[in-house]
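As given, the protein sequences belong to chains A and C, one line each in that order. Residue numbering for the first sequence follows the UniProt record's numbering, beginning at 1 and increasing consecutively. Residue numbering for the second sequence follows the UniProt record's numbering, beginning at 1 and increasing consecutively.
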Amino acid sequence: MSDAYTLLRGGRVCDPAGAADGTSLHEPPRDLYLKNGRIAATPPEDARIGEVIDLDGRIVMAGAIDIHSHIGGGKVNLARLLLPEEHREHGSGPDGLRRSGSGLFTPSSFVTGYRYAEMGYTAAFEPAMLPSNARHTHLELADVPIIDKGCYAVLGNDDFLLERLAAGATQSEVNDYVAWILHATQAVGVKVVNPGGISAFKFNQRRLDLDEAHPHYGITPRRILTTLATALSDLGVPHPLHIHCNNLGIPGNESVTRDTIAALDGLPAHLTHLQFHSYGTEGDRRFSSAAAEIAESVNRSPNISVDVGQIVFGQTITASADIMSQFRNSGLASPRKWLCTDIECDGGCGLVPFRYRDKAFVNALQWAIGLELFLLIEDPWRVYLTTDHPNGGPFTSYPHLIRLLMDRSFRNEQLARINPDVAAHSRLGAIDREYTLEEIAIMTRAGPARVLGLRDRGHLRPGAVADVVVYDDLPDREAMFAAPALVFKNGRLVARNGQLTATGWGDTIVVRPEFDAAIERRLKPWFEDHQTVRLGNFRIADGEILDHGRGGLSIVPTLTASDSCF
Amino acid sequence: MSVLSFRLKGPLTGRVDASPLLPHRLAELDMAEIAALPLRHGRGHVAVGDLFELSGRPGDVVELEGDGRLDFVGAGLTAGTIRVAGPVGHRVGTGMSGGTLVVDGAAGLAAGAAMRGGLLFIGGNAGDGLGGALPGERTGMTGGRILVHGRCGDRVGERMRRGLIAVGGDAGAYAALHMNAGSLVIGGTPGPATGHGMRNGTVLFRGEVDPLPGFADCGLNQLPFLSLLDNHLSELEGVPPTCRGLTGRARRWLGDRGFGGRGELLACL
Chain A
1 MSDAYTLLRG
11 GRVCDPAGAA
21 DGTSLHEPPR
31 DLYLKNGRIA
41 ATPPEDARIG
51 EVIDLDGRIV
61 MAGAIDIHSH
71 IGGGKVNLAR
81 LLLPEEHREH
91 GSGPDGLRRS
101 GSGLFTPSSF
111 VTGYRYAEMG
121 YTAAFEPAML
131 PSNARHTHLE
141 LADVPIIDKG
151 CYAVLGNDDF
161 LLERLAAGAT
171 QSEVNDYVAW
181 ILHATQAVGV
191 KVVNPGGISA
201 FKFNQRRLDL
211 DEAHPHYGIT
221 PRRILTTLAT
231 ALSDLGVPHP
241 LHIHCNNLGI
251 PGNESVTRDT
261 IAALDGLPAH
271 LTHLQFHSYG
281 TEGDRRFSSA
291 AAEIAESVNR
301 SPNISVDVGQ
311 IVFGQTITAS
321 ADIMSQFRNS
331 GLASPRKWLC
341 TDIECDGGCG
351 LVPFRYRDKA
361 FVNALQWAIG
371 LELFLLIEDP
381 WRVYLTTDHP
391 NGGPFTSYPH
401 LIRLLMDRSF
411 RNEQLARINP
421 DVAAHSRLGA
431 IDREYTLEEI
441 AIMTRAGPAR
451 VLGLRDRGHL
461 RPGAVADVVV
471 YDDLPDREAM
481 FAAPALVFKN
491 GRLVARNGQL
501 TATGWGDTIV
511 VRPEFDAAIE
521 RRLKPWFEDH
531 QTVRLGNFRI
541 ADGEILDHGR
551 GGLSIVPTLT
561 ASDSCF
Chain C
1 MSVLSFRLKG
11 PLTGRVDASP
21 LLPHRLAELD
31 MAEIAALPLR
41 HGRGHVAVGD
51 LFELSGRPGD
61 VVELEGDGRL
71 DFVGAGLTAG
81 TIRVAGPVGH
91 RVGTGMSGGT
101 LVVDGAAGLA
111 AGAAMRGGLL
121 FIGGNAGDGL
131 GGALPGERTG
141 MTGGRILVHG
151 RCGDRVGERM
161 RRGLIAVGGD
171 AGAYAALHMN
181 AGSLVIGGTP
191 GPATGHGMRN
201 GTVLFRGEVD
211 PLPGFADCGL
221 NQLPFLSLLD
231 NHLSELEGVP
241 PTCRGLTGRA
251 RRWLGDRGFG
261 GRGELLACL
C-alpha cells in the first residue's frame, strides 16, 4: 500500500451521518482525503499527496447501500432459467474490463456488480438466503464484482424451529439456534417470510393471519415473529428482524401489517417491501390504498424501519420465498409460465413473471401506494429506497424513483398519465413533499448503514471505508443519479460518468453473535434424520469465502446493552 | 437487382456470428461502413473487411461464401434474399420472419429455430433441432417453410406450431417432439420416439416405424387430403423429390394420448 493520500478537492459534501461534525451540503466546499482504502483525516503539511482530483463544487456522498435486493441464491438462479428470452435480448460481450453477461431484471452476477457500481452503489444485501441454499448463494455472490454484499438467513418456516417452538422451546434455545444459523450460513441478519404461512401452505392452507394457528404445529405467526425478534435483540445483532409480513398482496392486509407492528411491542424490527402490505378494501374494486394508516403507524413506532418495494411499470419477475402468495398470483403470470417449489422443508421459492401495466388500476394504485409511503413516513432515517428487486422492478430504476421523490411536478405528470381512477383514489397528487438531497443521502446511505450496524460505511468521517460517489448537480435528478461523475470503491476509482473504469472485489459482510455451542447436540440428530447434508458439511467455513481471493469478510460488531439502533 | 457478395479471405479460425449480414440492414450502409462492421468472432470481435472480400452493391440480395463456423446466418431475416455457397454453422435462419434463405451445403444445429415466416432451403443435411424451439421457449417454429434435401438430426419440429418442414432424407430421434400443430414431411424414415408428447399436427413419412405406446393404430386409410397436399407440394419450388408423389393411402396412428394428443403419424405408401 502506498502512503500517499488521494485528495478530492472542493466538493460539496452531503454526509448526514457525519453531520455531528458540521458537514452539510450548504456549507462551503471542503476537501476529502483518501488513504489505503479509507477516508483519512486532514493530513499534516508535509504529507505526500498523490493524486489530486478537483471536484469544483460537485456533490459528494458516501457509496449507496441497497438493503433489500435479490441478487443471488437459488431463487434468482431459477428466475434466470425461467426467462431465457430475457437473457437472449439483453446480452453483452466481454470488453477487456468486463466479463460477458446478460439480463435486465434478472441480471447475471457479474452484470449485477457492474450496474450497481456504475449507479454509485457500493453494497447490496440479498434478503432471502435459505440456510440450505447458503453455500450456493455465497458462491454466486462471489461472482458479483466491486460491491460489498451480505445475506439475511430466512427462518420462521423451517421445520426445526417450528417443531421446537411447538414442543415449548425456551427463548434461549431459540437464541442459540438463530446464532448458530447466522454463523453457519455467514449471514448478517435474519429474515422471516410470511411467518408460518409458507409451512402452512404445505398443509393446504391458503392464508394465515397473525393469530391463526398453524394447521400442523399449532403455533401462531405472532409467536414466531416475537420469538425471532427477541432472539436478535438478545443476541445484539445490529440488523433487527427483517420481516416480510403475512398475506402479501391481499387487499385488506394492512390490518395484519399494523398488528405486526403492534405485536413487536417496541422490539426493533425492519418491515420490508411495505408497499405490498399496505392495501385496504375500500372502493368499487375492493382494493384501496392504506398507505396513510400504515405510514402513521410507522411514524408512531420509532422501533420500526421499513423499505418500500416500490413498483415500476414494465416487465419483471416476482421472486419470493412466499410460495403461498406466489401460488395465488400464478394465474397473473406474464409470460404465462411460473414455478413454485419447497426447498428441503426449510423454506420455499415461487417465481411468477409479471408485467406491471400503468393503465391497469391495481398496478397503477400499487405504484401510487409506494410513493405515498415514501412521502408520508416522516423520518428518512427509517424508510429506504428499494424496488424489492426484481419483484417491483429492476434496481436500475432507482434514479427514476429518486426523481419521482425529489420533483413534485414530474411526479404529478406521471400520475396524470396512468389509470385515471388512481388519481381519484389516492392522495398522492395532494402531497407537496419533495425529498431534499440530504434526505436522499439518508435513505440510500446513512439510514441503511445504521440499521445494518455498518459503522464504517454510509458516511464520510475519517476511518470510514473510502466508498465515495461524486455527482454533477444536475436539475434532472434521474440523469444525475443514473450516471455519477466518479465512483470510488475502497478508495479506487471504479466508474466515471456512469461507465465502469476498473473492477475489483468487495467484502462479504457477516455478524457473529456469541452463543452456547451445545445447540449442536440438538441439531446434529435433526440433520442426520431430516436433511440431505450433514451438520459438519452444512457450516460454511471462512475459507470457502476467502479462498476465492475475492474480497474479505467484514464482521459487523454486535451491540452491547448500552448501544441502540435508534 | 443489386447483389452484394462476401468471399472469405481464408478459413475461419473461430466461430463467427454472421447475424448482422442481413440485406435490408446492409442496404442502408456504404461499402466502407460494411467493411468496418464488427462481427463477434470467438470471444472477441473482427471487422467484416478482415474476414471477407466484398464485391457488388448493397441491395436486396446478399451472397455469402459458406463455412461450417459461420453461425446465425440470416437470423432475424425479414425480407430480401441470402444465398450461401457451401455449408453454414449453427442457428441459420433463427427467428426469420420473411425473405428467402438458400444454403447450398449442410447446416448445423437448430436451423430455422423459432422461425416465423419466409423460406429456408438447405441443400445438404441439417443438424439437431431443425425448425425447433429456442432453449427454454414454449413454442418452436410458428410459420414459413423449411425445405431440406438431405437428412436431419434429432428433435426436428420440436414444439412446432405452424408452417411446413419437408426433409428429403431420414430424420433422427424425437421428430415432432411436443409438436402443437403444423406439418412435418419426412421423405425417408424417422428415428425412434417420433411424436413424443405430440398434441396436434401431422407427421408424414415413408417406410416403417414403431410408434410409441401413446399412439393408437388407426389402420390403413384412404385420405383425400393427401392428394391435395401432394398437389400443393408439387407447386412449391425446391421440395425434395422424396417428399412428393403421395398416393393418398397411408397407415395412420393418433397420439400422443399421454398428452391428450390428437396429432397424427402417417406412414405414406
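The beta carbon of each residue, even a glycine, is placed where N, CA and C say it ideally should be.
List the residues of chain C that Gln85 of chain A touches, going by C-beta distances under 9 angstroms, in chain order. Translated into the one-based positions of the first sequence, residue 85 of chain A becomes position 85. Note that residue 85 of chain A is Glu in the sequence shown, not Gln. Within chain C, the residues near Glu85 of chain A are Leu134, Gly136, Glu137.
Cβ-based neighbour list, Thr142 of chain C, same chain, cut-off 6 angstroms, excluding 5 preceding and 5 following: Sequence index remark: in the second sequence, residue 142 of chain C carries index 142 (1-based). Cβ neighbours of Thr142 of chain C beyond the five flanking positions: Arg116, Arg161, Arg162.
Any residues in the segment 22-44 of chain C with a beta carbon nearer than 9 angstroms to a beta carbon of chain A? Which ones, in chain order? Arg40, Arg43, Gly44
Simplified DSSP state of Phe215 of chain C, which is helix, strand or coil: The residue given as residue 215 of chain C occupies position 215 in the second sequence. In the structure shown, Phe215 of chain C sits in coil (DSSP, three-state: anything other than H, G, I, E or B).
The alpha helix (DSSP H) enclosing Ala269 of chain A, as first and last residue numbers: Taking the first residue of the first sequence as 1, we reach residue 269 of chain A at position 269. Careful: Ala269 of chain A lies outside any alpha helix (DSSP H), inside the beta strand (DSSP E) at 269-271.
Taking all protein chains shown into account, do 16 or more other C-beta atoms lie within 10 angstroms of the C-beta of Leu266 of chain C, making it buried, or fewer, making it exposed? Here residue 266 of chain C corresponds to residue number 266 of the second sequence, with the count starting at 1. With 16 or more Cβ atoms within 10 Å of its Cβ, Leu266 of chain C is classed as buried.
Of all the CB atoms in chain C, is at least one closer than 8 angstroms to the CB of Lys35 of chain A? As a first step, residue 35 of chain A must be located in the first sequence, where it is residue number 35. Judged by the 8 angstroms Cβ criterion, Lys35 of chain A is not in contact with chain C.
When the distance is taken between beta carbons, is Pro448 of chain A closer than 8 angstroms to Ile67 of chain A? Position 67 of the first sequence, counting from 1, holds the residue named residue 67 of chain A. Position 448 of the first sequence, counting from 1, holds the residue named residue 448 of chain A. In contact: Ile67 of chain A and Pro448 of chain A (Cβ atoms closer than 8 angstroms).
Tell me which residue opens and which closes the alpha helix (DSSP H) that Ser172 of chain A is part of. As a working mapping, residue 172 of chain A is identified with position 172 in the first sequence. Run containing Ser172 of chain A: 171-185, per the alpha helix (DSSP H) assignment.
The segment 336-349 of chain A: which residues have C-beta closer than 9 angstroms to a C-beta of chain C, in chain order? Arg336, Lys337
Taking only the alpha-carbon atoms, compute the straight-line gap between residue 271 of chain C and Ala216 of chain C and give it to the nearest angstrom. This structure leaves residue 271 of chain C out entirely; chain C is present only between 1 and 269.
Closest by C-alpha distance to Asp230 of chain C, when choosing among C:Gly248, C:Val84, C:Gly42: Taking the second sequence and counting its residues from 1, the one referred to as residue 230 of chain C is at position 230. In this structure, C:Gly248 is the residue among C:Gly248, C:Val84, C:Gly42 with its C-alpha nearest to the C-alpha of Asp230 of chain C.
Within 10 angstroms of its Cβ, does Phe203 of chain A collect 16 or more other Cβ (buried), or is it exposed? Residue 203 of chain A sits at position 203 when you count from the first residue of the first sequence. Under this definition Phe203 of chain A is an exposed residue.
Kindly give me the distance between the Cβ atoms of Thr106 of chain A and Ile317 of chain A, rounded to whole angstroms, as I take these residues to be in contact under 8 angstroms. Here residue 106 of chain A refers to the residue found at position 106 when the first sequence is read from its first residue. Here residue 317 of chain A refers to the residue found at position 317 when the first sequence is read from its first residue. Between Thr106 of chain A and Ile317 of chain A the beta-carbon gap is near 6 angstroms, inside 8 angstroms, which marks them as a contact.
Among A:Arg433, A:Thr396, A:Glu378, which has the Cα closest to the Cα of Ser305 of chain A? Position 305 of the first sequence, counted from the first residue, corresponds to residue 305 of chain A. It is A:Glu378 whose Cα lies nearest to the Cα of Ser305 of chain A.
Helix, strand or coil at Met115 of chain C [DSSP, three-state]: Along the second sequence, read from residue 1 onward, the residue named residue 115 of chain C stands at position 115. Three-state DSSP puts Met115 of chain C in coil, outside helix and strand.
Check whether chain C comes within 8 angstroms of Gly91 of chain A, counting only Cβ atoms and requiring the distance to be less than that. Here the question's residue 91 of chain A lines up with position 91 in the first sequence. Not an interface residue.
Less than 8 angstroms between the C-beta atoms of Ala114 of chain C and Leu134 of chain C, yes or no? Position 114 of the second sequence, counted from the start, is the residue given in the question as residue 114 of chain C. Position 134 of the second sequence, counted from the start, is the residue given in the question as residue 134 of chain C. Yes, Cβ-Cβ distance for Ala114 of chain C and Leu134 of chain C is below 8 angstroms.
Say yes only if the C-beta of Ala167 of chain A is nearer than 7 angstroms to one or more non-hydrogen atoms of the ligand ATP, and no if none qualify. Among the ligands in the structure shown, none appear at all, so the ligand ATP cannot be discussed.
With a floor of 4 residues, list each alpha helix (DSSP H) that falls wholly inside the segment 263-312 of chain A, ordered by position along the chain. 291-300
Three or more beta-carbon pairs under 8 angstroms between the segment 117-125 of chain C and the segment 147-167 of chain C, yes or no? yes
State the Cα-Cα distance for the pair Leu204 of chain C and Gly245 of chain C, rounded to the nearest angstrom. Locating residue 204 of chain C in the second sequence gives position 204, counting from the first residue. Locating residue 245 of chain C in the second sequence gives position 245, counting from the first residue. Approximately 12 angstroms, taken between the alpha carbons.
Per DSSP, which one or two residues make a beta bridge with Met61 of chain A? Against the first sequence, residue 61 of chain A aligns to sequence position 61. Answer is A:Val469.
Since Leu21 of chain C is in the beta strand (DSSP E), which residue starts that stretch and which ends it? Sequence index remark: in the second sequence, residue 21 of chain C carries index 21 (1-based). Run containing Leu21 of chain C: none; DSSP gives neither H nor E here.
For Pro94 of chain A, would you say it is in contact with chain C, using Cβ-to-Cβ distances shorter than 8 angstroms as the test? Here the question's residue 94 of chain A lines up with position 94 in the first sequence. Yes, contact with chain C.
Do Ala75 of chain C and Asp104 of chain C have their C-beta atoms within less than 8 angstroms of each other? The sequence position of residue 75 of chain C within the second sequence is 75, counting from 1. The sequence position of residue 104 of chain C within the second sequence is 104, counting from 1. Result no, Cβ atoms of Ala75 of chain C and Asp104 of chain C do not sit closer than 8 angstroms.
Please identify the residue among A:Phe354, A:Cys340, A:Gly348, A:Ala321 whose C-alpha is closest to the C-alpha of residue 570 of chain A. Since the first residue shown for chain A is 1 and the last is 566, residue 570 of chain A is missing from the structure and cannot be characterised.
Assuming the contact rule is C-beta atoms closer than 8 angstroms, Leu373 of chain A and Ile442 of chain A should be a hit. Round their C-beta distance to whole Å, please. Here residue 373 of chain A is taken as the residue at index 373 of the first sequence, counted from 1. Here residue 442 of chain A is taken as the residue at index 442 of the first sequence, counted from 1. About 16 angstroms; that fails the 8 angstroms criterion.
Quick one: any contact between the segment 152-161 of chain A and the segment 362-371 of chain A, if contact means 3 or more CB pairs under 8 angstroms? no
Once you ignore the five residues that flank Val185 of chain C on each side, which residues in its own chain have a CB closer than 6 angstroms to its CB? In the second sequence, the residue the question calls residue 185 of chain C occupies position 185. For Val185 of chain C, the CB contacts under 6 angstroms within the same chain, skipping 5 residues up- and downstream, are Ala166, Leu204, Cys243 in chain order.
Do Val352 of chain A and Leu55 of chain A have their CB atoms nearer than 8 angstroms? Reading the first sequence from its first residue, position 352 is the one you call residue 352 of chain A. Reading the first sequence from its first residue, position 55 is the one you call residue 55 of chain A. Their beta carbons are not under 8 angstroms apart, which means Val352 of chain A does not touch Leu55 of chain A by this criterion.
Compute the Euclidean distance between the alpha carbons of Glu45 of chain A and Gly552 of chain A, then round it to the nearest angstrom. One-based indexing of the first sequence puts residue 45 of chain A at position 45. One-based indexing of the first sequence puts residue 552 of chain A at position 552. Glu45 of chain A and Gly552 of chain A: Cα-Cα distance of roughly 33 angstroms.
Whole-angstrom distance between Ile198 of chain A and Phe327 of chain A, CA atom to CA atom: Residue numbering aside, residue 327 of chain A sits at position 327 when the first sequence is read from its first letter. Residue numbering aside, residue 198 of chain A sits at position 198 when the first sequence is read from its first letter. Taking the straight line joining both Cα atoms gives about 11 angstroms.
Please report how far the alpha carbon of Gly89 of chain C lies from the alpha carbon of Leu64 of chain C, in whole angstroms. The residue you call residue 89 of chain C lines up with position 89 of the second sequence. The residue you call residue 64 of chain C lines up with position 64 of the second sequence. Going by the C-alpha atoms only, they are around 13 angstroms apart.
What first and last residue would you give for the alpha helix (DSSP H) that runs through Ser409 of chain A? Numbered from its first residue, the first sequence carries residue 409 of chain A at position 409. Counting along the chain, the alpha helix (DSSP H) containing Ser409 of chain A begins and ends at 408-417.
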